[in-house]
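Here's the structure we're looking at; comments come further down.
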Amino acid sequence: MAKKIEIVGLGAGDLQQLQVGVYRKLIKGQQLFLRTKEHPVVAELVKEGMVYTSFDSVYEKHEQFEDVYQEIAETLLEKAQSESVTYAVPGHPLVAERTVQILLENGAKAGVEIVIGGGQSFIDALFTSLKIDPIDGFQLLDGTSLEAGQLQIDQHIIISQVYDAFVASNVKLTLMEKLPDDYEVYIVSAAGSQEESIMKVPLYEVDRNLSIENLRSIYVPPVQEEEILWRTFPKLRNIIAHLRGPNGCPWDKEQTHESLKKYLIEETYEVIEAINSEDIDHLIEELGDVLLQVLLHAQIGEDDGYFSIEDVIEGLSAKMVRRHPHVFGGAEAANANEVVKNWQEIKKQEKGGEHADVSLLAGVSLALPNLLRAYELQKKAAKVGFDWKEIGPALEKVKEELDEFIAELDGTEEGHVRANKEFGDLLFAFVNVARFLKINPEEALFATNEKFIRRFQYIEEKVKMSGKAIEAHSLKELDQYWDEAKLKGL
C-alpha cells in the first residue's frame, strides 16, 4: 500500500466557504489530523460526523514554534508508514504553513507521498475584509520569526501566525525598529468568518489583552509619510539618484570620483573626532556623511554604467563570508589574534598566493596619511621578521636619527635639503617606537593637536579678558597662560 499524506485546507472562514471536495475528505477521513482544532469550521464539522486528532497539545510541550512544527511533521510521517493520513490545516496548505513545508522537505526521505489538496487561503479573506488591492505590492510574513530586515514599509504588510500576546509583543518590538510607536495597524482575527474581528490600534497596543487565537494576523498599511521613509535605505538611494538626476542639484551632478576624494577623507576624520569626543548624536551625523560619500560614488558608477550600490554590497557580503570561515564555515578561531591571522592568509590567497610576484608592501595604500602609512609599512615588514625583537634598539635608532638631523642644521641650503630627509627618518623611527608600544601614531598626534587647540583657546580667552591684542603680549605672558591651561587639565 502506498504511503501517503494528503494535506487539505480548512479555509479562512465558515463552513459555507469550505470547498465541497475538502468537505467530503474531512467527513470521510479515517486517519484525520488537525494542526489545531481552534478554527471556525471544526465545531460545525464535528456535528456532521467528523472525527479527528488535533496537535494542540504539542504547542504546550515546546518553547520554540519550530520544535512544535518538527514534532507534528515527524508524527505524521510515522503514522503514514502504516496507513494513509489526512492532515488539515487552517487556510490553504501552501500559505503560511511551516509544517507543510517540513513534510514536503522530508516526505521523500521517509518514503511517503505528500499530496496537496484544496483550501481557501486566509489571504483572500484578508484582502476582502481590509479592502486592499495587492497590486500595490504586499508582504506576507511569519509573526513567529519576524525580523526587521524583512520589512518593506512602503508596501502592504500582513503578519500571520500571531497566535498570542508573546508573539504579538515580538512583532510589536520588531515593527518599532522601523515605525513610530503610535503608527496605526490592524489586528485581524478569523477574517471571512462570522467570528471576524478587525481592530485598529496604535502599534504600542498591539500585544495588549490578546487571548490565544490561531487565526490572528496583523496588517500594517503602507507608509506614506516622508519622514518615516527617511529611515529606509531605498528612500535614501532614491534621494541621491534624484540629486544627480535631470532635475537635481547642479553641484551634485558635477561631482566625479576624483572631485569627491577630499570630502571622503574629511568626513572620515570627523567620524574619528565624534568617537573621540564620545558624542553619539555627532557620531550618527558624521557616519551619515560618510554613507553619503559611498552612495554618491555608487550613483556616479551607476550613471556612468560601470557599477551600482548592489555591486558594492555584493562584493562586501561575499568578502565577509569568505574571510570569516570560523563563522560561516567549518573553520575555528579561538581568539581575535587567530581571526586576524586567518584573515591575512585568506587575503593573501585572494591576491594570488604567497608566490605571487608582488611586493609584501604593495597592499599599503598610497592614500593613507603618511604617519599611518609608515606604521602599516613597518607592520608588514615585521611579519616576515624584518624587525627588532625589543624596544631598546628602536629607541637607540630615534636618538641616532635625532643626532643626524641636528648635525644637518648648519644654516646652508644643502644642509636644509639633508635636514629635510633626516627629519623624515626621525619621524619614521618614532613611528617604529610607537608600534612597539602599540600606540597609533595618527591617533596620538590627533590627541595632541586637540590638546593644543584647547590650550591655545584658553590663551585667547585670557587675552580677550586682558583687553590687549594678543600681539601685545610677550611670549612669557602667553606661556604663563599656557601653564594655567595645563594646570586646569586642558
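In full-length UniProt numbering, the protein residues as written are 1 to 490.
Cβ coordinates follow ideal geometry from the N, Cα and C atoms, glycine included.
Please read these numbers as outputs of a predicted model, since none were measured by experiment.
- Burial check for Q378: the Cβ neighbour count within 10 Å reaches 16 or more, so the residue is buried.
- Residue pairing from DSSP places V85 in a beta bridge opposite I5.
- Every unbroken stretch of the alpha helix (DSSP H) spanning 4 or more residues and falling wholly within the segment 283-324 is given here in chain order: 309-322.
- Here G49 has I27 as same chain residues with Cβ atoms under 8 Å from its own Cβ, once five neighbours each way along the sequence are excluded.
- Nearest C-alpha to V327 among G315, W343, G301 and I313: W343.
- Here M199 carries a strand assignment [DSSP, helix/strand/coil].
- In the DSSP assignment, Y219 forms a beta bridge with I158 and Y186.
- Around the Cβ of G315, a 10 Å sphere holds fewer than 16 other Cβ atoms; the residue is exposed.
- If you draw a straight line from the Cα of V46 to the Cα of Q120, it comes to about 20 Å.
- Looking at M199, R231 and E227, the one whose alpha-carbon comes closest to that of Y219 is M199.
- E460 is the residue among F138, G415 and E460 whose C-alpha sits nearest the C-alpha of I470.
- About 5 Å separates the beta carbons of Q299 and I240, which is inside the 8 Å limit, making them a contact pair.
- Straight through space, the alpha carbons of E147 and Y87 are spaced by roughly 29 Å.
- In the assembly as shown, Y163 is a buried residue. Its beta-carbon has 16 or more other beta-carbons within 10 Å.
- For D425, the enclosing alpha helix (DSSP H) begins and ends at E413 to F436.
- Here the C-alpha atom of S317 lies approximately 44 Å from the C-alpha atom of S54.
- For Q101, the enclosing alpha helix (DSSP H) starts and ends at R98 to N106.
- Rounded to the nearest angstrom, the Cβ distance from V206 to V171 is 7 Å, consistent with a contact under 8 Å.
- Within the segment 361-417, complete alpha helix (DSSP H) segments of at least 4 residues are found at 370-382 and 391-407, given in chain order.
- The criterion of a C-beta distance shorter than 8 Å is satisfied by V115 and E6.
- In this structure, D154 lies near L229, with their beta-carbon atoms less than 8 Å apart.
- Secondary structure of G329 (DSSP, three-state): coil.
- The DSSP-derived three-state label of L175 is helix.
- At a cut-off of 3 residues, not a single continuous stretch assigned as beta strand (DSSP E) sits fully inside the segment 219-289.
- The DSSP-derived three-state label of F456 is helix.
- Bridge pairing for V68: absent [DSSP].
- Three or more Cβ pairs closer than 8 Å define a contact, and the segment 448-460 falls short of that threshold against the segment 397-405.
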